[in-house]
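> Per this note's numbering, the very first residue in the sequence shown carries number -2; after that it's consecutive.
Note that CB positions come from ideal geometry on N, CA and C, so glycine has one too.
Predicted model only: the values in this text are computed from it and were never measured.
Just dropping this structure here.
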Amino acid sequence: MVLSILLILLILYWIVTMIGGLDFEPDFDIDLDIDADIDADVDSSIEGGNLDFEDISNTEINKEDVVGKKRQPLKWWQIFLIYFNFVGLPFMFTFTFWIFVWWFLTTITTAVTYTYDHFLGFAIMLIAFFPALIITKILTSPFKSFFKNLNKDGDAPIDYLGRKATLLSSISDEKMGNAEVKVNGDTMSIYVKSLNGESLTYGASILIIKRSADHNYYLVQSYNE
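And the structure:
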């Protein structure tokens, strides 16, 4: 039941993300003090916002953003993330794969052994934890080159400052929201906060004034043509 509920929530997450263009994501600011020669796509500062919702479906740890040039031993959880492809691929992509495989193994095994309503079924679910991780690593590994090649030529940073945007959610005071901005014919979604704390409603036209000090969102104000 636990895995089924979690899988349903993940499916709803992807549906909302695809239809509404909304990216809900907790910030994972993972400090990986790794030597730059390590063959892993590691980013010590995943771009995101506060501990509310950020762009986890696109969160990816990249080698070129590694901090720390001195060789230091990795912590166990860093090795775990790297080895099982939670590093080098969008986090939610790998996480969804893992939960689905874990759910599938548990469901099939308990159905075949008729232990789905027995305490042994719970034990099977716990045992399937690591096999699911191994299968997930195998299934997701081919996608690493795919995601790496999406921007193989490198994209120039987009300058949002001074651009007009449309709010996709209401903001006020310290409340952060989403905004839609068009750049060269492409529609982008960014995180914004009111510059002066004034209330701005959904659908309002706004002007992007400046970027936050941590580069996680943009400060905006009302824009009247």
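To the nearest angstrom, how far is it from the Cα of Glu195 to the Cα of Gln218?
Cα-Cα distance, rounded: 8 Å.
> Can you tell me which of Trp74, Leu158 and Ser142 puts its alpha carbon nearest to the alpha carbon of Val180?
Of the listed residues, the one whose Cα sits closest to Val180 is Leu158.
> Rounded to whole angstroms, what is the Cα-Cα separation between Asn223 and Thr103?
Given a span of -2 to 222 for the chain in the structure shown, any question on residue 223 remains unanswerable.
> Note down, in chain order, each residue of its chain lying with its Cβ closer than 7 Å to the Cβ of Ile168, except the 5 sequence neighbours on either side.
Correct list, in chain order: Gly174, Val189, Lys190, Ser191 and Leu197.
> Taking the alpha-carbon of Phe126 as reference, which of Ile76, Trp95 and Trp11 has the nearest alpha-carbon?
Checking every option, the nearest Cα to that of Phe126 belongs to Trp95.
> Just to confirm the assignment, what range does the alpha helix (DSSP H) spanning Val109 have?
Where Val109 is concerned, the enclosing alpha helix (DSSP H) stretches over Phe88 to Thr110.
> What residues match up with Ser169 in a beta bridge as DSSP calls it?
Answer by DSSP bridge pairing, in chain order: Lys172.
> Can you tell me the Cα-Cα spacing of Phe92 and Ser142, whole angstroms?
Looking at the two C-alpha atoms, the distance is approximately 18 Å.
> With 16 as the cutoff for other CB atoms within 10 Å, does Leu86 come out buried or exposed?
Leu86 should be labelled buried.
> Please report the distance separating the alpha-carbon of Thr14 from that of Thr110.
Each residue's Cα considered, the two are about 37 Å apart.
> Excluding sequence positions up to five away, which residues of its chain have a Cβ less than 8 Å from the Cβ of Ile2?
For Ile2, where only same-chain residues beyond five positions count, there are no Cβ hits under 8 Å.
> For Gln218, write down the residues that DSSP places opposite it in a beta bridge.
Answer by DSSP bridge pairing, in chain order: Leu204.
> In whole angstroms, what separates the C-alpha of Ile132 from that of Phe116?
Looking at the two C-alpha atoms, the distance is approximately 25 Å.
> If I'm right that Thr107 touches Ile121 with Cβ under 8 Å, what's the distance once you round it to whole angstroms?
Their Cβ separation, rounded to whole angstroms, is 6 Å, which keeps Thr107 and Ile121 in contact under 8 Å.
> Do you know how far the Cα of Trp99 is from the Cα of Ile203?
Spanning the two alpha carbons is a distance of roughly 44 Å.
> Among Leu136, Thr163 and Ile187, which has the Cα closest to the Cα of Ile155?
Measuring from the Cα of Ile155, the nearest candidate turns out to be Ile187.
> Terminal residues of the continuous beta strand (DSSP E) containing Ala162?
From DSSP, the beta strand (DSSP E) with Ala162 extends over Lys161 to Leu164.
> Using DSSP's beta-bridge definition, name the partner residues of Met185.
Partner(s): Val178.
> Reducing DSSP to helix, strand and coil, say where Leu197 ends up.
Strand at Leu197.
> DSSP three-state label for Ser1, please.
It is helical.
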